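Engineer: Sharing a structure, written as structure tokens. Questions coming.
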Amino acid sequence: MFSKQDDTMSVSLKSLNTFGIQANAEQVIYADNEHQLRTAWQDAVQKKKPAIILGGGSNILLLSDFSGSVILNRLCGITIHETEDAWHLHVGAGENWHGLVKYTLNKGIAGLENMALIPGCVGSAPIQNIGAYGCELQNVCEYVDCLNLVSGARKRLSAQECQFGYRDSVFKHSEMADTAIVAVGISLSKDWRPILNYGDLKQLDAETVTPRQIFDVVCHMRRSKLPDPDITGNAGSFFKNPVVNEQQAKLLLQHHPDAPYYLQPDGSIKLAAGWLIDRCELKGYRYGGAAVHRKQALVLINVGDATGQDVVALARHVRRCVGETFNIWLEPEVRFIGSQGEINSVETIA
Ligand code: FAD
Ligand code: EPU
30 MFSKQDDTMS VSLKSLNTFG IQANAEQVIY ADNEHQLRTA WQDAVQKKKP AIILGGGSNI
90 LLLSDFSGSV ILNRLCGITI HETEDAWHLH VGAGENWHGL VKYTLNKGIA GLENMALIPG
150 CVGSAPIQNI GAYGCELQNV CEYVDCLNLV SGARKRLSAQ ECQFGYRDSV FKHSEMADTA
210 IVAVGISLSK DWRPILNYGD LKQLDAETVT PRQIFDVVCH MRRSKLPDPD ITGNAGSFFK
270 NPVVNEQQAK LLLQHHPDAP YYLQPDGSIK LAAGWLIDRC ELKGYRYGGA AVHRKQALVL
330 INVGDATGQD VVALARHVRR CVGETFNIWL EPEVRFIGSQ GEINSVETIA
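Under this note's numbering, the first residue of the sequence shown carries the number 30, and numbering increases by one thereafter.
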């Protein structure tokens with residue numbers, strides 16, 4: 030276990046969050062096995078200090094210094110078990126997600142290509158049920174292995190027990206607060222079918238397309254509109270796409286027939302938050318060091334030394350403009366982290 034600890038509040042988290050927000054923690058601990066993860070957590074509890082587990086820091090907004098331990102999950106390892114009809118992968122939670130996508134494709138195993146280039150760790154993927162270009166983690170997830178950091182008990186949750194939804198799962202519920210995800214089971218069918226229902230993928234020929242071509246098109250689409258966090262700090266989509274009922278959607282579409290919308294299996298309708306923000310003419314709008322990305326209005330970016338409070342103020346403005354214009358009130362996808370741990374993001378920007 031490698032730990033960085035100097036004086037109180039001395040370890041910078043700037044390189045550990047893709048927003049590139051400068052904030053400090055008392056301690057940063059790299060854990061590459063379950064014992065280290067649990068020991069680091071229990072040390073913090075004993076000292077009556079808060080602790081938080083992070084993967085790649087690509088879905089968080091740091092609002093202030095963190096008054097305790099940041100534990101970086103670096104539990105690695107990939108094993109593959111082949112059966113007649115599928116490959117079953119058991120993946121350590123600290124593996125890089127995009128690295129896993131490339132690793133499987135290089136081995137001739139298809140099924141993850143639509144979710145290429147999503148930043149962060151495999152262990153974080155079930156938390157918000159990551160998804161892109163027509164595919165979500167729930168389409169391939171077989172199980173999630175959890176460790177209770179207080180009791181030390183291990184538990185394997187089936188995909189059904191994970192209660193996956195749009196950017197949602199049981200791991201966002203408060204009863205999972207003391208739980209670390211330590212591994213994810215992924216099942217990739219040998220009966221591969223291309224998923225080509227989103228954006229530029231629609232132009233591909235389902236009969237001849239290869240997983241590698243889908244991977245390339247997805248990477249190209251993403252690079253053309255999403256900022257690279259290594260260059261411009263961001264955490265991907267800042268807000269979730271709002272899911273509304275038929276009546277609310279009809280009202281919007283009466284006035285704005287060009288608004289993109291996606292029918293959901295339960296009859297509700299998902300709207301495009303990026304389109305709503307764009308329509309409020311907020312692209313490029315800036316508050317302090319934070320701004321609305323010009324190529325994708327759903328992404329808030331760090332244009333130079335943004336503080337967490339700059340991003341909060343910008344998000345509040347965006348939410349208010351969209352709410353007052355369309356009577357649709359956006360909710361952040363990004364998790365807000367205060368000095369003691371996670372705080373309610375909707376209340377923070379209301
Ligand atoms: P972190 O930001 O480190 O953590 C997120 C939350 O999970 C925190 O609350 C943390 O405490 C908790 N956590 C982390 N690891 C564990 C663990 N092992 N056990 C328990 N709790 C844990 N998301 C999508 O769904 N689709 C996209 O297309 C997409 N595109 C993106 C593009 C960009 C440029 C960026 C910056 C982000 C994008 N995201 C996208 C969001 C992000 O990549 C995902 O949410 C990702 O799964 C976060 O992984 P992470 O390891 O960085 O999580
Ligand atoms: N749009 C605009 N203006 C904008 C942005 C978008 O008009 O500034 C329109 C687009 O033209 C399109 C629609 O809104 O008709 C949807 O846009 P896009 O295809 O870019 O996708 P999104 O809904 O904004 C979602 C996910 C992304 C994921 C992509 C691709 C959420 C919150 N975001 O974005 O996930 O990569 O679809 O599947 O669901 C993330 O979660 O961090 C993330 C990047």
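Ideal placement from N, C-alpha and C gives every residue a C-beta, glycine not left out. All of these numbers come straight from a predicted model, not from anything done at the bench.
1) Check whether the Cβ of Asn-102 lies closer than 7 angstroms to any heavy atom of the ligand FAD, and answer yes or no.
2) Going by DSSP in three states, Trp-116 sits in which element: helix, strand or coil?
3) What is the C-beta distance between Trp-126 and Cys-105, in whole angstroms, given that I count them as a contact (C-beta under 8 angstroms)?
4) Considering just the uninterrupted stretch of the beta strand (DSSP E) at Lys-184, what are its terminal residues?
5) Which one or two residues does DSSP pair with Asp-174 in a beta bridge?
6) Between the region 182 to 191 and the region 99 to 118, can you find at least three pairs of beta-carbon atoms closer than 8 angstroms?
7) Exposed or buried, what is Tyr-316 when buried is set at 16 or more other beta-carbons lying within 10 Å of its beta-carbon?
8) Compute the beta-carbon to beta-carbon distance between Gly-337 and Pro-79, rounded to the nearest angstrom, for a pair I have assumed lies under 8 angstroms.
9) Specify, as a first and last residue, the run of the beta strand (DSSP E) that Thr-108 falls within.
10) Would you check whether the ligand EPU has a heavy atom nearer than 7 angstroms to the C-beta of Glu-142?
11) Should Ser-39 be counted as a contact of the ligand FAD given a C-beta to heavy atom distance under 7 angstroms?
12) Report the option in Ser-253, Ile-378 and Asn-373 whose CA atom is closest to the CA atom of Val-347.
13) To the nearest angstrom, how far is the alpha carbon of Leu-176 from that of Glu-63?
14) Based on Cα-Cα distance, which residue from Gly-163, Gly-86 and Gly-137 lies nearest to Ser-153?
15) Give me the Cα-Cα distance between Gly-303 and Thr-237, rounded to the nearest whole angstrom.
16) Spatial neighbours of Gly-318 within its chain, please: C-beta separation below 8 angstroms, excluding the five flanking residues on both sides.
17) Can you grab the Cα-Cα spacing for the pair Asp-36 / Ile-210, in whole Å?
18) Return the bridge partner residues of Glu-371 from the DSSP annotation.
19) What would DSSP say about Asn-168, mapped onto helix, strand or coil?
20) Note down the Cα distance separating Asn-143 from Gln-232, rounded to an integer number of angstroms.
21) Just to confirm, does Gln-157 get its C-beta within under 7 angstroms of one of the non-hydrogen atoms of the ligand FAD?
22) Relative to the alpha-carbon of Asn-356, which residue among Leu-45, Arg-323, Ile-224 and Val-272 has its alpha-carbon at the smallest distance?
23) Within the same chain, show all residues whose beta-carbon is closer than 7 angstroms to that of Arg-222, passing over the 5 residues directly before and after it, in chain order.
24) Counting only C-beta atoms, is Arg-222 closer than 8 angstroms to chain C at any point?
25) For the pair the region 269 to 284 and the region 159 to 170, tell me if three or more CB-CB distances fall below 8 angstroms.
26) Could you give the C-beta distance for Tyr-195 and Leu-186, rounded to a whole number, given that I count them as a contact under 8 angstroms?
27) Between Glu-362, Ala-52, Ile-138 and Arg-345, which lies nearest to Trp-116 when the distance is taken from Cα to Cα?
28) Around the C-beta of Val-375, are 16 or more other C-beta atoms found within 10 angstroms, so that it is buried, or is it exposed?
29) Cβ of Val-120 within 8 angstroms of Cβ of Val-213?
30) Is the Cβ-Cβ distance between Ala-145 and Leu-91 less than 8 angstroms?
31) Would you tell me roughly how many angstroms separate the C-alpha atoms of Arg-103 and Gly-228, rounded to the nearest one?
32) Hey, quick one: how far does the beta strand (DSSP E) through Lys-299 stretch, first residue to last?
33) If you scan the region 41 to 65 from start to end, which runs of the beta strand (DSSP E) of 3 or more residues do you find wholly inside it?
34) Near Ala-122, what residues of its chain come up, given a Cβ to Cβ distance below 7 angstroms and the 5 sequence neighbours on each side ignored?
35) Shortest alpha-carbon distance to Thr-354 belongs to which of Ser-203, Lys-131, His-284 and Lys-184?
36) Could you tell me the alpha carbon to alpha carbon distance between Ser-180 and Lys-77, rounded to whole angstroms?
Structural biologist: Reading from the atomic positions:
1) Yes; taking the cut-off as 7 angstroms, the Cβ of Asn-102 has a heavy atom of the ligand FAD nearer than that.
2) In the three-state DSSP reduction, Trp-116 falls in the strand class (E or B).
3) Actually they do not touch by this definition, with Cβ atoms about 13 angstroms apart.
4) Note, Lys-184: beta strand (DSSP E), 183 to 187.
5) Assignment of beta-bridge partners to Asp-174 by DSSP yields Arg-185 and Ala-212.
6) Flag = no, the region 99 to 118 and the region 182 to 191 do not touch.
7) By the 10 Å Cβ count, Tyr-316 comes out buried.
8) Contact flag wrong, Cβ pair sits at about 16 angstroms.
9) From DSSP, the beta strand (DSSP E) with Thr-108 extends over 107 to 111.
10) Set against 7 angstroms, the gap from the CB of Glu-142 to the closest heavy atom of the ligand EPU is not smaller.
11) No, the ligand FAD has no heavy atom inside 7 angstroms of this Cβ.
12) That would be Ile-378, whose Cα lies nearest to the Cα of Val-347.
13) Straight across, the Cα-Cα distance linking Leu-176 with Glu-63 is about 8 angstroms.
14) The shortest Cα separation from Ser-153 among Gly-163, Gly-86 and Gly-137 belongs to Gly-86.
15) Between the alpha carbons of Gly-303 and Thr-237 lies a gap of roughly 33 angstroms.
16) Closer than 8 angstroms at Cβ, skipping near neighbours: Asn-331, Val-332, Gly-333, Asp-334, Ala-335, Thr-336 and Asp-339.
17) Summary for Asp-36: the model assigns pLDDT 46, below 50, so the residue's position carries little reliability; its value from the coordinates is reported in the next sentence. Note on geometry: alpha-carbon atoms of Asp-36 and Ile-210 lie some 30 angstroms from one another.
18) According to DSSP, Glu-371 bridges with Ile-366.
19) In this structure, Asn-168 counts as helix in the three-state DSSP scheme.
20) Rounded to whole angstroms, the separation of the alpha carbons of Gln-232 and Asn-143 is 15 angstroms.
21) Within the cutoff, so yes.
22) Selection Leu-45, Arg-323, Ile-224 and Val-272 evaluated against Asn-356 yields Val-272 as nearest (Cα-Cα).
23) Cβ neighbours of Arg-222 beyond the five flanking positions: none.
24) Here there is only one protein chain, and chain C is not present.
25) With a cut-off of 8 angstroms, the region 159 to 170 and the region 269 to 284 do not count as touching, because too few Cβ pairs lie within range.
26) Contact between Tyr-195 and Leu-186 fails: their C-beta atoms lie close to 19 angstroms from each other, not under 8 angstroms.
27) Checked all of Glu-362, Ala-52, Ile-138 and Arg-345; the closest Cα to Trp-116 is Ile-138.
28) When all chains shown are included, Val-375 counts as exposed.
29) The answer is yes: Cβ separation under 8 angstroms.
30) Judged by beta-carbon spacing, Leu-91 lies beyond the 8 angstroms limit of Ala-145, meaning their Cβ atoms are not closer than that value.
31) Distance between the alpha carbons of Arg-103 and Gly-228 is about 34 angstroms.
32) Here the beta strand (DSSP E) through Lys-299 covers 298 to 300.
33) Listed in chain order, they are 53 to 60.
34) Answer for Ala-122: Asn-102, Leu-104, Cys-150, Val-151, Gly-152, Ile-210, Val-211, Ala-212 and Val-213, listed in chain order.
35) Considering only alpha carbons, the answer is His-284.
36) Cα-Cα distance, rounded: 17 angstroms.
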